[in-house]
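Undergrad: Protein sequences appear in the order of chains Z and R.
If you read the first sequence in full-length UniProt numbering, its first letter stands for residue 1, the second for the next number, and so on.
If you read the second sequence in full-length UniProt numbering, its first letter stands for residue 1, the second for the next number, and so on.
C-beta: ideal position from N, C-alpha, C; glycine also.
In this text the structure is predicted, and so the values were computed from the model without any measurement.
Have a look at this one before I ask anything.
2 protein chains.
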Amino acid sequence: MSEKILVVDDHILFSQSLKGLINSLQDFEVLDVLKNGQELVTYYESNKIKPDIVLLDIRMPVMDGIETMEWFKENFPDQKVLALTMEHEEETIIKMLKLGCRGYLLKDIDPDEFRYAMETVLQSGYYYSNEVAEVILHSEDKRKDQFTKRELEFLHLVCSERTYKEIAGEMNLSPKTIDGYREQLFAKLNAKSRTGVVLYAIKNKVVSI
Amino acid sequence: MSEKILVVDDHILFSQSLKGLINSLQDFEVLDVLKNGQELVTYYESNKIKPDIVLLDIRMPVMDGIETMEWFKENFPDQKVLALTMEHEEETIIKMLKLGCRGYLLKDIDPDEFRYAMETVLQSGYYYSNEVAEVILHSEDKRKDQFTKRELEFLHLVCSERTYKEIAGEMNLSPKTIDGYREQLFAKLNAKSRTGVVLYAIKNKVVSI
DNA sequence: CTTTACAAGGGGAAAATTCCCCTTTTTAAG
DNA sequence: CTTAAAAAGGGGAATTTTCCCCTTGTAAAG
């Protein structure tokens, strides 16, 4: 009896190719190939066969992987979902895992490991590649470097063309306090200029533009 | 007689899946699957069968797609190469085409169109998807707003923690000249601070981080 | 109780950025 | 030929950012 797989990825060439590969694996068959989270919601809302595993990309238009995981958490919290993506950014990995994702696969995984990952999830419920395990291991450490509420507020304003004086006005603070926050961010981010802070914030997706 | 394809992509799951799909197409067969430009150079330097088409990803470690195209231009200028990538950044598209790439495929192409693209390249030499054709059509317009060579050089250095004085040293210019360039960028980008310039450059993917 | 973290703030000044007024030379397009 | 663009650069100064030295008060944890 075949394990049923649903593939959700907007890169059609990839998803169709992957369908071929999965169908060539003994014990696995692809139920359908969907292009985004919205199509998946529609699929679940119709009386179609539910899959054993959902392979879910993250970067998709209309409804992305994170949003889709949020929907699963609320509607089908036990559905086994494996992220399958190029995104190896820590924040994304942690977020997906917290939302109940059973594993996180990068697209450079080889087909044997891919098959092993699916089998592991079906048997024990979770699969972590070495890279992802590293991220989880170090994520507790990283938490120590998180920003305070006020710092984060300041950081968002720093990533704009406002002068510090203007930022002080917006936050109802003295320019001297702003200078204090600037100093705190410099220390935390090992930055030596506002530009450095901005580059860090955007690069690490603390702030989006 | 089958058309011979070489797949160059570091995402193994994708490339192995794609191999399966291509091999399932009548008249096509995959010679080999390589992980980066360096592996491809090694392949060409050995006495192996040359492919009819190379499917080449851009973002790869060790030797990327651009570098690989440069190698082809110098060593096998007539080799038919199709870019196959997620990168829909205009600068990248133009660069690849200028280096002799016969077509530029995005990974959200469907398998039928994919097959048609390969057939078109084999027959007439070139294939452009609608999206890429748009880029080419508008790239002449855009050139009017493009940065000069020196401005671009400066812009990349601005998106760093170097002081203008340091940038002047790196570009072998006077700080007054740097100030001139700063002014030029401010005018072109309607910016009023270095932070504004940095935000624009990153947002519009003129500079990547 | 002490210590730490967070929030808010000060004095003073050096360094960096921005601004405002220009210049000359070379090259390419009309 | 003229004009515009690109490249390189200058004097001078105001504004902003960064730096270095601190402070107090509150809340939470040990």
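Is there a Cβ from chain Z that is less than 8 Å from the Cβ of R/Pro175?
TA: No, its Cβ sits nowhere closer than 8 Å to a Cβ of chain Z.
Undergrad: Identify which residue in R/Ile93, R/Ala187 and R/Asp112 has its Cα closest to the Cα of R/Leu21.
TA: Here the closest residue by C-alpha is R/Asp112.
Undergrad: Going by DSSP in three states, Z/Tyr104 sits in which element: helix, strand or coil?
TA: In the structure shown, Z/Tyr104 sits in a strand (DSSP, three-state: E or B).
Undergrad: Express the C-alpha separation of Z/Leu173 and R/Lys188 in angstroms, rounding to a whole number.
TA: Those two C-alpha atoms are separated by around 34 Å.
Undergrad: Residues of chain R with CB closer than 8 Å to the CB of residue 221 of chain Z, please, in chain order.
TA: The structure shown does not extend to residue 221 of chain Z, since chain Z spans only 1 to 209, so no value can be given for it.
Undergrad: Could you name the residues of the same chain whose beta carbon sits closer than 8 Å to that of R/Lys144, not counting the 5 residues immediately before and after it, in chain order?
TA: In this prediction, R/Lys144 scores a pLDDT of 46, lower than 50, which makes its location untrustworthy; no coordinate-derived value is stated.
Undergrad: Strictly by DSSP, which residues pair up with Z/Leu34?
TA: According to DSSP, which records beta bridges pairwise, Z/Leu34 is partnered with Z/Val8.
Undergrad: Nearest-angstrom Cα distance between Z/Gly65 and R/Tyr127?
TA: Using only the alpha carbons, I get a separation of about 32 Å.
Undergrad: If you measure between the beta carbons of R/Ile53 and R/Leu82, is that distance less than 8 Å?
TA: Yes. Within cutoff.
Undergrad: Kindly indicate which residue of R/Lys165, R/Gln123 and R/Leu157 has the alpha-carbon position closest to the one of R/Val197.
TA: Minimum Cα distance to R/Val197 is reached at R/Leu157.
Undergrad: Is the CB-CB distance between Z/Thr120 and Z/Leu106 below 8 Å?
TA: Not closer than 8 Å, so no.
Undergrad: May I have a chain-ordered list of the alpha helix (DSSP H) segments no shorter than 4 residues that lie completely inside the region 155 to 183 of chain R?
TA: As far as the region 155 to 183 of chain R is concerned, its whole alpha helix (DSSP H) runs of at least 4 residues are 164 to 170.
Undergrad: Under 7 Å between beta-carbons, which chain Z residues line up against R/Arg194? List them in chain order, please.
TA: Under the 7 Å cutoff, chain Z gives Thr195.
Undergrad: Could you check what DSSP says for R/Ile58 in three-state terms: helix, strand or coil?
TA: Residue state, collapsed to three classes: coil.
Undergrad: In the DSSP assignment, the alpha helix (DSSP H) including R/Val197 goes from what residue to what residue?
TA: Run containing R/Val197: Arg194 to Lys203, per the alpha helix (DSSP H) assignment.
Undergrad: Since Z/Ala191 meets chain R, which of its residues come closer than 9 Å, beta carbon to beta carbon?
TA: Going along chain R in sequence order, the residues near Z/Ala191 (Cβ under 9 Å) are Glu161.
Undergrad: Please list, in chain order, all residues of the same chain as Z/Met96 whose beta carbon is under 8 Å from its beta carbon, the five residues on each side excluded.
TA: Counting only Cβ-Cβ distances below 8 Å, and skipping sequence neighbours, we find Ile58, Gly65, Ile66, Met69, Ala83 and Tyr104.
Undergrad: Name the two residues that bound the continuous alpha helix (DSSP H) containing Z/Val81.
TA: Note, Z/Val81: premise wrong, no alpha helix (DSSP H); beta strand (DSSP E) at Lys80 to Thr85.
Undergrad: Looking at the secondary structure, which residues open and close the alpha helix (DSSP H) in which Z/Glu89 lies?
TA: It is not in any alpha helix (DSSP H) - Z/Glu89 carries neither H nor E in the DSSP assignment.
Undergrad: Thinking just about the alpha-carbon of each residue, which of Z/Asp9, Z/Gln38 and Z/Ile5 is nearest to the one in Z/Asp27?
TA: Comparing Cα-Cα distances from Z/Asp27 to each of Z/Asp9, Z/Gln38 and Z/Ile5, the minimum goes to Z/Ile5.
Undergrad: Just confirm the distance between the C-beta atoms of R/Pro61 and R/Asp10, as a whole number of angstroms; I'd bet it's less than 8 Å.
TA: Contact flag correct, Cβ pair sits at about 6 Å.
Undergrad: I believe Z/Gln38 touches R/Asp110 by the beta-carbon criterion, under 8 Å. Please report the beta-carbon distance rounded to the nearest angstrom.
TA: 19 Å between Cβ atoms; not a contact.
Undergrad: Given a cut-off of 8 Å, decide if Z/Val207 and Z/Leu122 are closer than it, judged by their beta-carbon atoms.
TA: No, the Cβ-Cβ distance between Z/Leu122 and Z/Val207 is not below 8 Å.
Undergrad: Have a look at R/Ala201 and Z/Phe114 and give me their C-alpha separation to the nearest angstrom.
TA: Answer to the nearest angstrom: the Cα atoms are 38 Å apart.
Undergrad: Which residues in chain Z have a C-beta closer than 8 Å to the C-beta of R/Pro111? List them in chain order.
TA: The contacting residues are Ile12, Leu13, Gln16 and Ser17.
Undergrad: Near Z/Thr195, which residues of its chain fall below 8 Å by C-beta distance, leaving aside the five closest residues on each side in sequence?
TA: The answer is none, since no qualifying residue turns up.
Undergrad: Which same chain residues end up closer than 6 Å to R/Leu185 when comparing Cβ atoms and leaving out the 5 residues on each side of it in sequence?
TA: Closer than 6 Å at the Cβ level, and outside the excluded window around R/Leu185, lie Val197.
Undergrad: Kindly indicate the opening and closing residues of the alpha helix (DSSP H) around R/Tyr116.
TA: Its alpha helix (DSSP H) spans residues Pro111 to Ser124.
Undergrad: Taking DSSP's pairing of strands, which residues face Z/Glu3 in a bridge?
TA: Beta-bridge pairing links Z/Glu3 to Z/Phe28.
Undergrad: When DSSP labels each residue in this structure, what does R/Ile209 get in the three-state scheme?
TA: Note: R/Ile209 maps to coil in three-state DSSP.
Undergrad: Could you round the C-beta distance between R/Leu34 and R/Tyr43 to whole angstroms and report it? I think they count as a contact, below 8 Å.
TA: About 6 Å separates the two Cβ atoms, so the contact holds.
Undergrad: Count the other CB atoms, across all protein chains shown, that sit within 10 Å of the CB of Z/Pro77; report buried if there are 16 or more and exposed otherwise.
TA: Per the 10 Å Cβ criterion, exposed.
Undergrad: Where does R/Ile53 sit, in a helix, a strand or coil, going by DSSP?
TA: In the structure shown, R/Ile53 sits in a strand (DSSP, three-state: E or B).
Undergrad: Is residue 212 of chain Z close to chain R? Criterion is C-beta to C-beta, closer than 8 Å.
TA: Limits of chain Z in this structure are 1 at one end and 209 at the other, which puts residue 212 of chain Z out of reach.
Undergrad: Any idea if R/Asp141 is buried or exposed, counting beta-carbon neighbours within 10 angstroms, 16 or more meaning buried?
TA: Any reading at R/Asp141 must be qualified, since the residue scores a pLDDT of 49, below 50, and its modelled position is unreliable; the value itself is stated next. Looking at its Cβ environment, which holds fewer than 16 other Cβ atoms inside 10 Å, R/Asp141 is exposed.
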